[in-house]
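Okay, structure first, notes after.
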RNA sequence: GCCGAUGUAGUUUAGUGGUAAAACAGAUGCAUGGUAAGCAUCAGAUGACAGUUCAAUUCUGUCCUUCGGCACCA
């Protein structure tokens, strides 16, 4: 998802830089045509069509040089106001600009900007002189579909950034370097959290003991919160009869994304791509009364989606997804409170990890021009969208209306965070659904002894554990809080021979207190072990020598600190237990 | 799926149309009592398949992986 920035103080500069880029490309590739070149949150891009020719990363250096050359000439950037006819004549050689002009919302007011002999259609604003465009860098070149439609041909998209000062540019480039160091794929390898295998296949992550520890702790934490809100844990199989998804509507909408599992004995099953239909069948397994509602189920199981191969990346898009999913089956009157509860859970959970605030909320509504994309009664949709918007306003979420972002069966509130590189990553969600219960003919008995369909409110807190780990790893840069750390305490004996027995006793004592502890008894020097303990970002490293042994104290060094602190052993354990309990 | 790039030991990197180099990690031995790398020895690699060539890790092609995007995302 690209965020076209409304405007900020850098946007005229970036916009002018995009024009400069286009001019340089035109100089070097006279056959080039240009589509659009907007300012985005981080800089700008320009879509270029070069026919048979193409620009590679190496060419960017050449283009940058040409840009610098042009800018130095210091031409004034002049605004031109045109009517539609003049504009069509002016750009008569350029099929892309003609397309743009013919599709303009306000064809009465057409503006173009001219520098030197280069004119580009543009709303502006721009800086005054090309000399001001000095501190820029072209970052990458990639493909992009013409008009964003995969049926169309591909253009080349060149990305760049521009700043007012050299320092600001360098700072930005440094930020990009630093962000690379936080990349979850890099840290996942360094800290041994997960891996991939060619034999198992791409998009199928394998979690190591350390990665699994984090996953399990997260699961425990989220279930603990949800249980307080009345969620009960269920467990459903990874396979299902395809009919289940024909009824839910997933089979037709996502047929290409289903993995099929067949057997020689005649089984024709699919791997579950979502959890909801399975859970509906638990609801359907007996007669439900209005007195039972809301009924809330949650589970953390694998689900499988045959994603487009080009979309698979690290842990953020995979085929096998561990999904933390939950549903509330409730009456129409209960919907609002259910949504409020779920948003509160999300807020609690993300706040406790320091992630709340680093996000925006999308009120994801229907694409009103394509009703065929959705299931359910339009009247129900109207009601759902209204309710969701009301709740969102009451809770002060400042949600942005996003038409066309709804789920198959209903509108949703999506919470969108950012990864280390500033890319958006959508995780928690609350979704309203009048349709699914009707499709499965789920009912409950009302007070008047009639039958009524429940409403389903879908919610994901962690969403996919894989995607959540991307956010978590990059947020903490691998230095997890104590309660999540795979190894919480690392014991280093000063001397392996003299202190080992005491260290083993200490290790067992910590283990008895449910503290995850490692004992480094390798034949290496203390400094060597300390270095590794720090690079592995273990929260507490404790050194055990005569002083500690004889006085029953713990000397520990916290990750990131240089000094050592000594406390009584009992006190140390109490402190840790309390911190873990409080999710610190 | 589309555009562009990528692939050398477990990891990070070097290099070459003719014996593939190193650091860290690993194994072994020695050394080792206080907070970020002790020493020595050993073992370990050119993604797969074709083609060009006397000879390919190097050049070409196809596929696969991974990366940056696009499109998709229940």
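Residue numbers (this note's numbering): -18 to 565.
For every residue, glycine included, the Cβ atom is placed at its ideal position computed from N, Cα and C.
query, result
"Should residue 469 go down as buried or exposed, given a rule of 16 or more other Cβ atoms within 10 Å for buried?", "buried"
"Take residue 387 and list the residues in its own chain whose beta-carbon comes closer than 6 Å to its own, dropping the five residues that flank it on each side.", "345, 346, 347"
"When the Cβ atoms of the region 160 to 173 are set against those of the region 45 to 54, are three or more pairs found closer than 8 Å?", "no"
"What's the C-alpha gap between residue 200 and residue 279?", "11 Å"
"If you measure between the beta carbons of residue 2 and residue 30, is that distance less than 8 Å?", "no"
"Between residue -16 and residue 19, what straight-line distance do the alpha-carbon atoms span, to the nearest angstrom?", "In this prediction, residue -16 scores a pLDDT of 48, lower than 50, which makes its location untrustworthy; no coordinate-derived value is stated."
"At the level of alpha carbons, what is the spacing between residue 139 and residue 263?", "51 Å"
"Determine the contact status of residue 393 and residue 417, defining contact as a CB-CB distance below 8 Å.", "no"
"Using only the alpha-carbon positions, how far apart do residue 124 and residue 13 sit?", "15 Å"
"For the beta strand (DSSP E) that residue 243 lies in, which residues bound it at each end?", "241 to 243"
"Which residues mark the beginning and the end of the alpha helix (DSSP H) in which residue 369 is found?", "359 to 375"
"Using DSSP with H/G/I as helix, E/B as strand and the rest coil, what is residue 177?", "coil"
"Leaving out five residues on either side along the sequence, give the residues of the same chain with a beta carbon under 6 Å from the beta carbon of residue 281.", "200, 305"
"Return the chain-ordered list of same chain residues with a C-beta closer than 6 Å to the C-beta of residue 16, the five sequence neighbours on each side being excluded.", "28, 77, 136"
"Does DSSP classify residue 402 as helix, strand or coil?", "coil"
"Out of 171, 300, 524, 488, which has the shortest C-alpha to C-alpha gap to residue 283?", "300"
"Find out if the Cβ-Cβ distance for the pair residue 96, residue 58 is shorter than 8 Å.", "yes"
"Which value, in whole angstroms, describes the spacing of the CA atoms of residue 172 and residue 467?", "10 Å"
"Compare the C-alpha of residue 314 against each of 332, 275, 110, 476 and name the closest.", "275"
"Do residue 564 and residue 332 come within 8 Å of each other at the CB atom, strictly closer than that value?", "no"
"Going straight from the alpha carbon of residue 225 to that of residue 436, what length do you get?", "19 Å"
"Closer than 6 Å by C-beta to residue 562: which residues in its own chain qualify, once you throw out the five before and the five after it? Chain order, please.", "none"
"Just to confirm my understanding: we take residue 547, look at its own chain, exclude 5 residues before and 5 after, and list those with CB closer than 6 Å. What are they?", "534, 536"
"May I ask which residues mark the beginning and end of the alpha helix (DSSP H) holding residue 116?", "Note, residue 116: premise wrong, no alpha helix (DSSP H); beta strand (DSSP E) at 116 to 126."
"In the structure shown, what three-state DSSP assignment does residue 466 receive?", "coil"
"Are the region 512 to 532 and the region 475 to 485 touching, with three or more C-beta to C-beta distances below 8 Å?", "yes"
"Roughly how many angstroms lie between the CA atoms of residue 431 and residue 312, to the nearest whole one?", "13 Å"
"Round the Cβ separation of residue 381 and residue 343 to the nearest angstrom and send it over; I've been treating them as touching at under 8 Å.", "6 Å"
"To which residues does DSSP link residue 308 through a beta bridge?", "278, 439"
"Return the first residue and the last residue of the alpha helix (DSSP H) that residue 289 is part of.", "That residue, residue 289, is in no alpha helix (DSSP H); it is neither H nor E in DSSP."
"Using the C-alpha atoms, what's the distance from residue 150 back to residue 549?", "51 Å"
"Taking only runs of the beta strand (DSSP E) that begin and end inside the region 532 to 559, which ones reach a length of at least 3 residues, in chain order?", "534 to 539, 546 to 549"
"Entirely within the region -17 to 51 and at least 3 residues each: give me those beta strand (DSSP E) ranges in chain order.", "24 to 30"
"Which residues bound the beta strand (DSSP E) around residue 260?", "Per DSSP, residue 260 belongs to no beta strand (DSSP E); it is in the alpha helix (DSSP H), 257 to 264."
"Measure the C-alpha to C-alpha separation of residue 72 and residue 395 and round it to an integer number of angstroms.", "42 Å"
"What are the residues that DSSP puts in a beta bridge with residue 458?", "Residue 458 pairs with nothing; no bridge assigned."
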